[in-house]
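Numbering (my numbering), first residue to last: 4 to 229.
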């Protein structure tokens with residue numbers, strides 16, 4: 004049986020990582036039998052999750068997992084899409100994975116540090132918990148600065164994220180899924196990132212950067228879960 008190794012449940016989500024949630028959504032859409040296995044990224048190839056295990060094969064990275072399922076398991080996520088829709092898929096995937104992701108990282112690890120520290124590191128004794136978290140947060144700040152987003156003010160960062168959500172909401176409109184009545188791989192990506200905004204709480208997130216402020220995105224997430 005296929006094994007999907009992802010981050011453990013937290014924050015009201017089966018996995019608090021949008022990339023893990025993307026892989027879970029892709030597996031659910033595939034109809035294949037698989038086992039959900041919480042794991043440690045430090046033990047994974049590339050030190051990242053998710054990872055798919057298929058016998059002796061190890062496939063890291065959510066996009067590589069998708070391509071593996073399409074190639075080796077004949078899963079057809081996007082066969083019904085036009086060339087134009089495939090181009091839109093690539094564009095919105097980049098919006099989510101290369102931009103919206105970093106706004107979410109900032110919102111979670113920088114602006115809501117106390118919540119994250121207690122949620123993710125509750126098993127560590129209190130004195131050490133803060134030390135461990137501070138080191139991780141320092142690394143995240145450095146990554147945000149290197150990526151470029153961390154050079155902006157909080158208001159500017161949230162404005163970038165709000166524009167991303169508006170673009171998704173505007174393109175989705177009143178369609179059941181992003182390209183109509185049938186879900187595609189992009190729906191797994193969008194759901195994964197939107198649900199990571201919708202469910203975990205945030206004491207600093209402005210309304211414009213909240214999925215709850217977009218009724219069609221809330222309905223979209225609920226529809227995808229069903």
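Heads up, the beta-carbon is just placed ideally off N, CA and C, and yes, glycines get one too.
Start and end of the alpha helix (DSSP H) containing residue i?
| i | result |
| --- | --- |
| residue 201 | 188–201 |
| residue 154 | Per DSSP, residue 154 belongs to no alpha helix (DSSP H) and is neither H nor E. |
| residue 218 | 218–228 |
| residue 91 | 86–98 |
| residue 299 | It is not possible to answer for residue 299, since the shown part of the chain is limited to 4 through 229. |
| residue 120 | 116–123 |
| residue 32 | 21–33 |
When you compare the CB positions of residue i and residue j, do they come within less than 8 Å of one another, or not?
| i | j | result |
| --- | --- | --- |
| residue 187 | residue 84 | yes |
| residue 6 | residue 38 | yes |
| residue 113 | residue 132 | no |
| residue 140 | residue 116 | yes |
| residue 68 | residue 53 | yes |
| residue 42 | residue 17 | no |
| residue 78 | residue 11 | no |
| residue 19 | residue 28 | no |
| residue 168 | residue 214 | yes |
Excluding the 5 residues flanking residue i on each side, which residues of the same chain have their C-beta closer than 6 Å to its C-beta?
| i | result |
| --- | --- |
| residue 21 | 195, 196, 199 |
| residue 50 | 44 |
| residue 192 | 25, 96, 99 |
| residue 62 | 55, 68, 71 |
| residue 212 | 161, 164, 165 |
What does a CB cutoff of less than 8 Å around residue i pick up in its chain, not counting 5 residues either side in sequence?
| i | result |
| --- | --- |
| residue 163 | 102, 106, 152, 155 |
| residue 90 | none |
| residue 119 | 111, 112, 136 |
| residue 35 | 5, 72, 76, 78 |
| residue 47 | 8, 54, 63 |
What does DSSP give as the partner residues of residue i in its beta bridges?
| i | result |
| --- | --- |
| residue 40 | 8 |
| residue 16 | 13 |
Tell me which residue opens and which closes the beta strand (DSSP E) that residue i is part of.
| i | result |
| --- | --- |
| residue 63 | 60–63 |
| residue 55 | 54–57 |
Would you please state the rounded distance, in angstroms, between the beta carbons of residue i and residue j? I believe it to be under 8 Å.
| i | j | result |
| --- | --- | --- |
| residue 110 | residue 208 | 6 Å |
| residue 93 | residue 71 | With 8 Å as the limit, residue 93 and residue 71 do not qualify as a contact, their Cβ atoms being about 18 Å apart. |
| residue 171 | residue 220 | 7 Å |
| residue 173 | residue 181 | That pair is no contact at about 12 Å. |
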